[in-house]
Amino acid sequence: MTALPSTEQVWKALAQIPDPEIPVINVVEMGIVRGVEIEGNKATITMTPTFSGCPALHLIREQLERTVRALGFDPVEVKTVLSPAWSTDWISPEAKERLRQYGIAPPKPRGAQDFLIELEAAPTPCPRCGSLNTSVKNTFGPTLCKAIYVCNNCQEPFESFKTV
Amino acid sequence: MRSEVREALIAKLTALADDEVILAHRNSEWVGHGPILEEDIALANIVQDELGHATLWYGLRQQLDGSDPDQLAFFRDANEYRCCELVELPKGDWAFTMLRQYLFDLYEALWLEAARHSTYQPLADAVQKIIREERFHLQHTQAWVERLGQGTEESNRRLQQALEMQWSYAQQLFVPIPGEELLVAEGIVPDLAPIKERWLEHSTRHLQAAGLKLPINPGYQPTSRAYHTEHLWSLLAEMQSTARWDAEAKVW
Chain A
301 MTALPSTEQV WKALAQIPDP EIPVINVVEM GIVRGVEIEG NKATITMTPT FSGCPALHLI
361 REQLERTVRA LGFDPVEVKT VLSPAWSTDW ISPEAKERLR QYGIAPPKPR GAQDFLIELE
421 AAPTPCPRCG SLNTSVKNTF GPTLCKAIYV CNNCQEPFES FKTV
Chain C
9 MRSEVREALI AKLTALADDE VILAHRNSEW VGHGPILEED IALANIVQDE LGHATLWYGL
69 RQQLDGSDPD QLAFFRDANE YRCCELVELP KGDWAFTMLR QYLFDLYEAL WLEAARHSTY
129 QPLADAVQKI IREERFHLQH TQAWVERLGQ GTEESNRRLQ QALEMQWSYA QQLFVPIPGE
189 ELLVAEGIVP DLAPIKERWL EHSTRHLQAA GLKLPINPGY QPTSRAYHTE HLWSLLAEMQ
249 STARWDAEAK VW
């Protein structure tokens, strides 16, 4: 009988799964996968939703299960936890840089937020030319996690990750 | 948990979820018909978030009584729904839709803020999740109220008209459901009375700053969530038709 992969190897395999809506970063860097537990042949993966209504969640759950099953684990359980609530602070710095290169302005550090009073802590720099002279076109974008901006310097519209 | 508290919590979670589902469905009627593309997208985003919130509330109920969220959404009749009447009203014009969403968002944001410290941990966890999404909604609809109120004579007139219709309906959001006092006593959900005061204070200030007049005539104010407007029947007929034709349809 061949030995099953270690917890670390499972994490590595999961890091091969791209986020379905933002393929330049994977689900581990995104902070969606919260835990991997191995008990004999059984693997339990814990995940947390980014946005509660995100339509990609079903797909991510299926892909996590399929990936771990393909490593030889059986049964495989994918658990969803809400607490602590997902935050864009969990997206790794390397992944944030890749977002920027992909043309999506990365989220800012979250800090303390009084949710009724919404103040932009720092201006959002254009991911293409780096100008700070940008304005919000729409606080909602093509996916739940993004807003639409336009750069007043290079005239390019761009998406910006919401800070949550 | 004592059985009467559990029953009250199931009822409260149902009411919270039902409000979100029905409002989301109403607003989804704008998809493809928004005044401009950006707004079409924004409202669709808000709808998707509200459906996510409903999923969380139904999910909490499921943990208590094993009920299936899809069954609750698609196989209950209007009489079994526990939404408030405000969310059932036809979508009307853009001013009507934006004002309703604003009044509801402000209530939801304030309720969530007060519910963060719920003694029932699963509810407190769900609140932490929802609160982060809700502030984007409030920011958006608040701006629309201001824009329409201070826009043109026509946009102000339409918004004022919507306010006169909705103001008294909105008060139902602050009517406790039967047994809610048990939940408040246990610290599971916040007391609605102080939330209503804050809501009145915030909304009055914002609406007046937008150039609107609060209705003097109190109008019809629904109280029990067991009763509904005629509009809920036609809404459900549409919303539930696919599921009732083919309950096993798993792919959307």
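If you're matching them up, the sequences are chains A and C in order. Throughout, the working numbering is defined as the position within the first sequence, counted from one, plus 300. Throughout, the working numbering is defined as the position within the second sequence, counted from one, plus 8. A virtual CB, placed ideally from N, CA and C, is assigned to each residue, including glycine.
I'd like the list of long-range same chain contacts for residue i, defined as Cβ closer than 8 Å, with 5 residues on each side in sequence excluded.
{"i": "Arg428 (chain A)", "result": "Gly403, Cys451, Cys454, Glu456, Phe458"}
{"i": "Glu365 (chain A)", "result": "Ile345, Val376, Val378"}
{"i": "Leu215 (chain C)", "result": "Val153, Gly157, Leu171, Leu222"}
{"i": "Arg369 (chain A)", "result": "Val376"}
{"i": "Asp101 (chain C)", "result": "Arg166, Ala170"}
{"i": "Leu59 (chain C)", "result": "Glu28, Val29, Ala32"}
{"i": "Glu12 (chain C)", "result": "Gly187, Leu190"}
{"i": "Met9 (chain C)", "result": "Leu17"}
{"i": "Leu382 (chain A)", "result": "Thr348, Pro349"}
{"i": "Asp76 (chain C)", "result": "Gln70"}
Spatial neighbours of residue i within its chain, please: CB distance less than 7 Å, with the 5 preceding and 5 following residues excluded, ordered by chain position.
{"i": "Val436 (chain A)", "result": "Ala447, Tyr449"}
{"i": "Ile196 (chain C)", "result": "Leu17, Ser126, Thr127, Tyr128, Leu131"}
{"i": "Leu444 (chain A)", "result": "Phe351, Gly353, Cys354"}
{"i": "Lys204 (chain C)", "result": "Phe182"}
{"i": "Leu107 (chain C)", "result": "Val153, Leu167, Ala170, Leu171, Gln174"}
Between residue i and residue j, is the Cβ-Cβ spacing less than 8 Å?
{"i": "Leu94 (chain C)", "j": "Leu146 (chain C)", "result": "no"}
{"i": "Arg398 (chain A)", "j": "Val378 (chain A)", "result": "no"}
{"i": "Ile332 (chain A)", "j": "Thr348 (chain A)", "result": "yes"}
{"i": "Ser352 (chain A)", "j": "Ile138 (chain C)", "result": "yes"}
{"i": "Trp65 (chain C)", "j": "Leu111 (chain C)", "result": "no"}
{"i": "Gly74 (chain C)", "j": "Asn164 (chain C)", "result": "no"}
{"i": "Ala123 (chain C)", "j": "Val135 (chain C)", "result": "yes"}
{"i": "Leu371 (chain A)", "j": "Asn341 (chain A)", "result": "no"}
{"i": "Arg4 (chain C)", "j": "Phe82 (chain C)", "result": "Since the first residue shown for chain C is 9 and the last is 260, residue 4 (chain C) is missing from the structure and cannot be characterised."}
{"i": "Trp119 (chain C)", "j": "Pro43 (chain C)", "result": "no"}
{"i": "Val336 (chain A)", "j": "Thr307 (chain A)", "result": "yes"}
{"i": "Ile49 (chain C)", "j": "Gln109 (chain C)", "result": "no"}
At 7 Å on the CB atoms, spell out the chain A contacts of residue i, in chain order.
{"i": "Glu141 (chain C)", "result": "Phe351, Ser352"}
{"i": "Lys137 (chain C)", "result": "Ser352, Leu382, Ala385"}
How many Å lie between residue i and residue j at the Cα?
{"i": "Arg206 (chain C)", "j": "Pro318 (chain A)", "result": "44 Å"}
{"i": "Leu314 (chain A)", "j": "Lys408 (chain A)", "result": "25 Å"}
{"i": "Val464 (chain A)", "j": "Thr424 (chain A)", "result": "15 Å"}
{"i": "Phe144 (chain C)", "j": "Thr439 (chain A)", "result": "7 Å"}
{"i": "Asp254 (chain C)", "j": "Gln248 (chain C)", "result": "10 Å"}
{"i": "Glu88 (chain C)", "j": "Ala151 (chain C)", "result": "35 Å"}
{"i": "Glu161 (chain C)", "j": "Arg155 (chain C)", "result": "12 Å"}
{"i": "Trp241 (chain C)", "j": "Asp85 (chain C)", "result": "8 Å"}
{"i": "Phe46 (chain C)", "j": "Pro442 (chain A)", "result": "The amino acid at residue 46 (chain C) is misidentified as Phe; the sequence shows Glu. Each residue's Cα considered, the two are about 10 Å apart."}
{"i": "Lys20 (chain C)", "j": "Leu359 (chain A)", "result": "31 Å"}
{"i": "Thr250 (chain C)", "j": "Cys91 (chain C)", "result": "21 Å"}
{"i": "Leu97 (chain C)", "j": "Ala257 (chain C)", "result": "29 Å"}
{"i": "Gly430 (chain A)", "j": "Leu51 (chain C)", "result": "30 Å"}
{"i": "Thr380 (chain A)", "j": "Asp78 (chain C)", "result": "18 Å"}
{"i": "Ser211 (chain C)", "j": "Arg410 (chain A)", "result": "27 Å"}
{"i": "Leu72 (chain C)", "j": "Thr22 (chain C)", "result": "12 Å"}
{"i": "Tyr235 (chain C)", "j": "Pro202 (chain C)", "result": "25 Å"}
Starting from residue i, find everything on chain A with Cβ-Cβ shorter than 8 Å and list it in chain order.
{"i": "Ala134 (chain C)", "result": "Leu382"}
{"i": "His214 (chain C)", "result": "Those within 8 Å of His214 (chain C) in chain A number zero; the least Cβ separation is about 11 Å."}
{"i": "His148 (chain C)", "result": "Thr439, Phe440"}
Please go through the same chain and pick out, in chain order, the residues whose beta-carbon is closer than 6 Å to the beta-carbon of residue i, but skip the five residues on each side of it.
{"i": "Lys99 (chain C)", "result": "Arg34, Glu37, Thr105"}
{"i": "Asp57 (chain C)", "result": "Glu141"}
{"i": "Gln229 (chain C)", "result": "Ser176, Gln179"}
{"i": "Pro226 (chain C)", "result": "Ser176"}
{"i": "Val183 (chain C)", "result": "Thr231"}
{"i": "Val324 (chain A)", "result": "Arg398, Tyr402"}
{"i": "Ala356 (chain A)", "result": "Pro320, Glu321"}
Quick one: which chain C residues come within Cβ less than 8 Å of residue i?
{"i": "Gly441 (chain A)", "result": "Ile49, Asn53"}
From the DSSP secondary-structure annotation, give me the bridge partner or partners of residue i.
{"i": "Pro355 (chain A)", "result": "Its beta-bridge partners do not exist; DSSP assigns none."}
{"i": "Val153 (chain C)", "result": "Beta-bridge pairing links Val153 (chain C) to no other residue."}
{"i": "Glu339 (chain A)", "result": "A:Lys342"}
{"i": "Cys451 (chain A)", "result": "A:Thr434"}
{"i": "Glu329 (chain A)", "result": "Per DSSP, none; premise fails for Glu329 (chain A)."}
{"i": "Ser383 (chain A)", "result": "The partner list for Ser383 (chain A) (beta bridge, DSSP) is empty, contrary to what the question assumes."}
{"i": "Lys446 (chain A)", "result": "A:Phe461"}
{"i": "Glu377 (chain A)", "result": "A:Thr344"}
Under 7 Å between beta-carbons, which chain C residues line up against residue i? List them in chain order, please.
{"i": "Asn438 (chain A)", "result": "Glu46, Ile49, Ala50"}
{"i": "Val464 (chain A)", "result": "Arg140"}
{"i": "Leu444 (chain A)", "result": "Asn53, Gln56, Asp57"}
Along chain C, which residues have their Cβ under 9 Å away from the Cβ of residue i?
{"i": "Lys342 (chain A)", "result": "Residues of chain C passing the Cβ test: none, with the nearest at roughly 23 Å."}
So with CB distances below 9 Å, who are the chain A contacts of residue i?
{"i": "Phe83 (chain C)", "result": "What Phe83 (chain C) touches in chain A: nothing, since even the nearest Cβ is about 21 Å away."}
{"i": "Thr63 (chain C)", "result": "Ser352, Gly353"}
Listed from N- to C-terminal order along the chain, which residues in the segment 65-76 of chain C have their beta-carbon within a distance smaller than 7 Å of any beta-carbon of chain D?
-> No chain D appears in this structure, whose protein chains are A and C.
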